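Chemist:
Protein chains: 2
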Amino acid sequence: MTYGVGVLVKDGLLMAADTRTNAGLDNIATFRKLHLFDVPGEKVMAIATAGNLAISQSVISMLREGFRNPDTDRVETLIEQPSMFKAAQFIGHAVRQLHASDGAALERNGVSFEVTMLVGGQFRGSAPRLFMLYKAGNFIEATPDTPYLQIGEHKYGKPILDRAVSYKADLYDCLKLALISMDSTMRSNLSVGLPIDMVVLRTGGDDWEVNRRIEAGDHYFHDLRERWSAALRKAHTDIPAPPYRD
Amino acid sequence: MTYGVGVLVKDGLLMAADTRTNAGLDNIATFRKLHLFDVPGEKVMAIATAGNLAISQSVISMLREGFRNPDTDRVETLIEQPSMFKAAQFIGHAVRQLHASDGAALERNGVSFEVTMLVGGQFRGSAPRLFMLYKAGNFIEATPDTPYLQIGEHKYGKPILDRAVSYKADLYDCLKLALISMDSTMRSNLSVGLPIDMVVLRTGGDDWEVNRRIEAGDHYFHDLRERWSAALRKAHTDIPAPPYRD
Chain A
10 MTYGVGVLVK DGLLMAADTR TNAGLDNIAT FRKLHLFDVP GEKVMAIATA
60 GNLAISQSVI SMLREGFRNP DTDRVETLIE QPSMFKAAQF IGHAVRQLHA
110 SDGAALERNG VSFEVTMLVG GQFRGSAPRL FMLYKAGNFI EATPDTPYLQ
160 IGEHKYGKPI LDRAVSYKAD LYDCLKLALI SMDSTMRSNL SVGLPIDMVV
210 LRTGGDDWEV NRRIEAGDHY FHDLRERWSA ALRKAHTDIP APPYRD
Chain B
10 MTYGVGVLVK DGLLMAADTR TNAGLDNIAT FRKLHLFDVP GEKVMAIATA
60 GNLAISQSVI SMLREGFRNP DTDRVETLIE QPSMFKAAQF IGHAVRQLHA
110 SDGAALERNG VSFEVTMLVG GQFRGSAPRL FMLYKAGNFI EATPDTPYLQ
160 IGEHKYGKPI LDRAVSYKAD LYDCLKLALI SMDSTMRSNL SVGLPIDMVV
210 LRTGGDDWEV NRRIEAGDHY FHDLRERWSA ALRKAHTDIP APPYRD
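Quick mapping for you: the protein sequence lines, in order, are chains A and B. Be aware that the first sequence starts at 10, since it is given in the working numbering, and climbs by one per residue. Be aware that the second sequence starts at 10, since it is given in the working numbering, and climbs by one per residue.
1) Do Ala173(A) and His245(B) have their CB atoms nearer than 8 Å?
2) Helix or strand or just coil, what does DSSP make of Ala256(A)?
3) Run through chain A and tell me which residues come within less than 9 Å of Lys177(B), C-beta to C-beta.
4) Hey, out of Ala26(B), Asn31(B), Leu23(B), Met24(B), whose CA is closest to Leu199(B)'s CA?
5) Please classify His44(B) as buried or exposed, where buried requires at least 16 other C-beta atoms within 10 Å of its C-beta.
6) Since Arg254(B) and Glu218(A) are thought to touch, with beta carbons under 8 Å apart, how far apart are those beta carbons, to the nearest angstrom?
7) Under a CB-based cut-off of 8 Å, is Asn31(B) close to chain A?
8) Determine the chain C residues that contact Ala244(B) at a beta-carbon separation under 9 Å, and present them in chain order.
9) Using only the alpha-carbon positions, how far apart do Leu203(B) and Leu158(A) sit?
10) Please determine, among Ile248(A), Lys95(A), Leu115(A), the residue with the shortest C-alpha to C-alpha distance to Asp80(A).
11) Does Asn147(B) pass the burial test, meaning 16 or more other C-beta atoms within 10 Å, or should it be called exposed?
12) Does any CB atom of chain A fall closer than 8 Å to the CB of Lys19(B)?
13) Go through its chain and collect everything with a Cβ distance to Asp215(A)'s Cβ below 7 Å, but skip five positions before and after it.
14) At a CB distance below 7 Å, what residues from the region 149–160 of chain B approach chain A? Give them in sequence order.
15) 8 Å is my cut-off, CB to CB: does Ala173(A) come that close to chain B?
16) Per DSSP, His44(A) forms a beta bridge with which residues?
17) Does the separation of the CB atoms of Leu142(B) and Gly75(B) fall below 8 Å?
18) Taking all protein chains shown into account, decide if Phe99(B) is buried (16 or more other Cβ within 10 angstroms of its Cβ) or exposed.
19) Determine the extent of the beta strand (DSSP E) in which Arg221(B) is found, giving its start and end residues.
20) Can you tell which of Thr28(A), Val18(A), Lys19(A), Asp20(A) has its C-alpha closest to the C-alpha of Gly161(A)?
21) Check whether the Cβ of Asp206(B) lies closer than 8 Å to any Cβ atom in chain A.
22) Can you tell me where the beta strand (DSSP E) with Gln106(B) in it begins and where it stops?
23) Express the C-alpha separation of Gly130(B) and Ala55(B) in angstroms, rounding to a whole number.
24) Just reading off the alpha helix (DSSP H) that Val68(A) is part of, what are its end residues?
25) How long is the line joining the alpha carbons of Val53(B) and Phe122(B), rounded to whole angstroms?
26) Spell out whether any CB of chain B is found under 8 Å from the CB atom of Leu233(A).
27) Using 8 Å as the threshold, is the C-beta distance between Leu170(A) and Ala151(A) below it?
28) Is DSSP giving Ile88(A) helix, strand or coil here?
29) Put Tyr229(B) into one of helix, strand or coil per three-state DSSP.
30) Just how far apart, CA to CA, sit Thr194(A) and His163(A)?
31) Can you tell me the Cβ-Cβ gap for Ala57(A) and Ala26(A), rounded? I've got them flagged as a contact below 8 Å.
32) Identify whether Arg83(B) lies in helix, strand or coil by the three-state DSSP scheme.
33) The alpha helix (DSSP H) with Asp171(A) in it runs from where to where?
34) Is DSSP giving Glu123(B) helix, strand or coil here?
This is how it looks when you write it as structure tokens:
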């Protein structure tokens, strides 16, 4: 499994994804699931993937290598798309083309065609945008009402986002919340694990403000986990005992 | 959907379940999902159910009305079973018999036979026990290593239990944690909602120490939700900002 989260706030965009993949509990490996595309000074895009690794890797290869875009009838790559919206549509086409070529064979082998993606980025002169793309190639977009989107094993890490992320929140506060959300997921689900890849983009910026991997020995992340655990313990001990005893 | 949680610690047992059922978002109702069985001074048992409501209600009716127990070849009810283990086996037989009679018809109508249950209780002279029963009628039991079990929409409320519940924890601390877990689930999933039914049983006690419903206006639960939210907000604002900016 995977956990990926993207947050789009007034000040910018962030995306984070773990790197653990598993084909059964006895076949665990580390694969980067946050893929970056950029033309310096012009556009930056990131794609976080969840689902079948063969499918998501093939889609990323198609996006880099190019394929016939049915909207233009030309062979194109992702990076030459003219807007975030066109980029999301183009990724949808890649997913559909892969489904057309591989879907039946996968199904014959009892493998369902599963892939979801977060697609975020910014084109010069436009605000950052964040999409979540489904296996049918369709997608939804984050808005000020719902400024975060998640893929993969999303439930464990949702409560903290539901409570604390808002469109007007500080960008780095949201990064902290995304990491807390990641921590909650990793604690409750073995299939999500370090390292964590993350990017942060400021509205109007022309490059990633953060483009980093959090490894197992990362001091800040370790401290965040300890502090969060201690705060939760304190939080529940500070609540009075239930008065329900009859 | 449903959320049900049971915790078995040194001092006793607690179980809690929400009451919301839904057959589509436009068909939401309140049904009790925590069912009590007792012979005062002799034995107390509670069953929390998740899954298809028709199935779980029929199983509860079978347990009260009696059916032929394949282990004894006599018509028996749940309450006459001689131990918690025998009670869990008997419930498993009820689920299997219902599957034998209704499973095929459900399947023809595209409804899968889904039911899970938490079964907890205590017989005089024995320690409390807690089981989770699957739709095949098989079951697992809570142990000091893993003292809590969940049914239904379990992921949102799992992180707090993972962090704070242990076999040596205070019984009412665990009730508080179960209610926090319930709150997290209700905030993130519309299909889980108030009222909440709960029971608490002390090791060696011969009756429920708590047997209560938390309604929407409950002062303590409202306060717990507010305090927990405030503590989470404070917890994350107290953590320093991520130092990852390049």
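Note that beta-carbon positions come from the ideal geometry of N, C-alpha and C, so glycine has one too. The model shown is predicted, which means the values in this text are computed figures rather than measured ones.
Modeler: Once the coordinates are examined:
1) In this structure, His245(B) lies closer than 8 Å to Ala173(A) by Cβ.
2) The shown model of chain A, from 10 to 255, leaves out residue 256(A), and the question about it has no answer.
3) Those do not exist, as Lys177(B) stays about 14 Å from chain A at its closest Cβ, beyond 9 Å.
4) The shortest C-alpha to C-alpha distance from Leu199(B) to any of Ala26(B), Asn31(B), Leu23(B), Met24(B) is the one to Asn31(B).
5) With 16 or more other Cβ atoms within 10 Å, it is buried.
6) Here Arg254(B) really is in contact with Glu218(A); their C-beta atoms are around 6 Å apart, less than 8 Å.
7) So no, Asn31(B) is outside the interface.
8) Chain labels in this structure do not include chain C; the protein chains are A and B.
9) Distance from the CA atom of Leu203(B) to the CA atom of Leu158(A), rounded to whole angstroms, is 27 Å.
10) Closest by alpha carbon: Lys95(A).
11) Exposed, by the Cβ-count rule.
12) Closer than 8 Å: no.
13) Excluding positions up to five away in sequence, the list reads Gly50, Arg133.
14) For the region 149–160 of chain B, which is checked against every Cβ of chain A, not one residue is closer than 7 Å.
15) Yes, contact with chain B.
16) In DSSP, His44(A) forms a bridge with Ile56(A).
17) In this structure, the beta-carbon distance from Leu142(B) to Gly75(B) does not fall below 8 Å.
18) Answer is buried; the Cβ neighbour count reaches 16.
19) Counting along the chain, the beta strand (DSSP E) containing Arg221(B) begins and ends at 217–223.
20) Checking every option, the nearest Cα to that of Gly161(A) belongs to Thr28(A).
21) So, not an interface residue.
22) That residue, Gln106(B), is in no beta strand (DSSP E); its alpha helix (DSSP H) goes 93–117.
23) Roughly 6 Å separates the two Cα atoms.
24) Per DSSP, the continuous alpha helix (DSSP H) segment holding Val68(A) begins and ends at 62–74.
25) Cα-Cα distance, rounded: 28 Å.
26) Chain B contact via Cβ: present.
27) Result no, Cβ atoms of Leu170(A) and Ala151(A) do not sit closer than 8 Å.
28) Ile88(A) falls in the helix class under three-state DSSP.
29) DSSP places Tyr229(B) in helix when its eight states are reduced to three.
30) Their backbone Cα atoms lie some 8 Å apart in a straight line.
31) About 4 Å; that satisfies the 8 Å criterion.
32) In this structure, Arg83(B) counts as strand in the three-state DSSP scheme.
33) Counting along the chain, the alpha helix (DSSP H) containing Asp171(A) begins and ends at 167–173.
34) Coil.
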